[in-house]
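Below is one structure, written out as C-alpha cells; the observations come after it.
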Amino acid sequence: MNILIKYTKLAIIFLIFAVISGCGIYKKVDAKKVPPNVYDRVQKNIEEGRSFKLFDQEKNLIGGNFQFASSNELWRASLDVIDFMPLSSVNYSGGIIITDWYTDNSSQNESIKISIRFLTNEIRSDSLDIKVFNKKCIDNLLNCKITEQNSLVQELKKEILKKAALYKEQNQGKKKKRNKSRFISK
C-alpha cells in the first residue's frame, strides 16, 4: 500500500511539472525591432492591434458607456451659462439639462424654464436643442399661461458656444503642455 501512495505522489508531481512547463510558451523577440522607449512601444502595440482593454467599449457591460461630464466643453459651458437657475433634472448620459421655473425679484408673476438637449458633442450651432418656456400668471399662480419664447434661444446658444470654444482652446493648451512635459521627462 505504501508503494502505491509513493507512486501516486510521484505521478502527481510529474503531472504538475508537465502542466507548468507547458504553460510557458515563449517566443523569441528581436531586441532590435522593439522600441526602447515605453511610449513608443505602446504606440507600436496599438498600431499592430495588440492593445489591452479591460472592458469592451462596444458592449455596454454595466448599463452604458459613460464619459466624464467635465471633459465635455459644451456640457460645462451650458451649466456655466445657466448657473444662476435652479436645476430640475440633469442627465449627462441622456444629454439633457432642465432647469426649474426661475423668477427674479422684479416680476413675481412671471418665470422662465430652460431645457437644453445635446444632439452631439461637437461645438456647432446645430448640436444644441434649446427651449425656453415663459410662464405668466395672473392671481398668484392660479391662472397661468405657458408659452415658448424663441427670443432667448439664440442668445443662449451663442453664449454657450462661445464659452465652449474657450474651454476647448484651454483644454488643447493643457494637452500640448502635458505632452511636451511628458516628452521632455523621457
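Be aware that the sequence shown starts at 1272, since it is given in our numbering, and climbs by one per residue. The beta carbon of each residue, even a glycine, is placed where N, CA and C say it ideally should be. Predicted model, so just to flag it, every value in this text is computed and none were measured.
Minimum C-alpha distance to residue i - residue among the options
{"i": "aspartate 1354", "options": "Lys1384, Asn1376, Gly1366, Gln1420", "result": "Lys1384"}
{"i": "leucine 1399", "options": "Lys1433, Asn1414, Lys1416", "result": "Lys1433"}
{"i": "aspartate 1397", "options": "Lys1429, Ile1409, Cys1415, Tyr1363", "result": "Lys1429"}
{"i": "isoleucine 1387", "options": "Met1356, Leu1437, Gln1443, Asp1410", "result": "Met1356"}
{"i": "aspartate 1410", "options": "Gln1379, Glu1440, Ala1435", "result": "Gln1379"}
{"i": "glutamate 1426", "options": "Leu1286, Ile1287, Ser1349", "result": "Ser1349"}
{"i": "threonine 1391", "options": "Tyr1278, Phe1285, Ile1417, Tyr1363", "result": "Tyr1363"}
For residue i, the three-state DSSP class (helix, strand or coil)
{"i": "asparagine 1273", "result": "helix"}
{"i": "tyrosine 1278", "result": "helix"}
{"i": "serine 1349", "result": "helix"}
{"i": "isoleucine 1394", "result": "coil"}
{"i": "glycine 1365", "result": "coil"}
{"i": "serine 1377", "result": "coil"}
{"i": "asparagine 1421", "result": "coil"}
{"i": "asparagine 1343", "result": "coil"}
Short Cβ contact (8 Å threshold) for residue i with residue j
{"i": "lysine 1407", "j": "glutamate 1419", "result": "no"}
{"i": "tryptophan 1346", "j": "phenylalanine 1404", "result": "no"}
{"i": "serine 1382", "j": "isoleucine 1369", "result": "no"}
{"i": "isoleucine 1394", "j": "glutamate 1440", "result": "no"}
{"i": "valine 1352", "j": "isoleucine 1417", "result": "no"}
Per DSSP, the bridge partner or partners of residue i
{"i": "serine 1382", "result": "Lys1406"}
{"i": "lysine 1416", "result": "Lys1407"}
{"i": "threonine 1370", "result": "Leu1358"}
{"i": "aspartate 1400", "result": "Arg1388"}
CB contact check: residue i to chain C, cutoff 8 Å
{"i": "valine 1403", "result": "Given the protein chain composition of this structure (a single chain), no chain C is represented."}
The ligand SAH heavy atom lying under 7 Å from the CB of residue i
{"i": "arginine 1388", "result": "Inclusion of the ligand SAH in the displayed structure is not the case, the ligand content being empty and no account of it being possible."}
Chain-order list of residues whose beta-carbon lies under 6 Å from that of residue i (same chain, five-residue window excluded)
{"i": "isoleucine 1367", "result": "Arg1388"}
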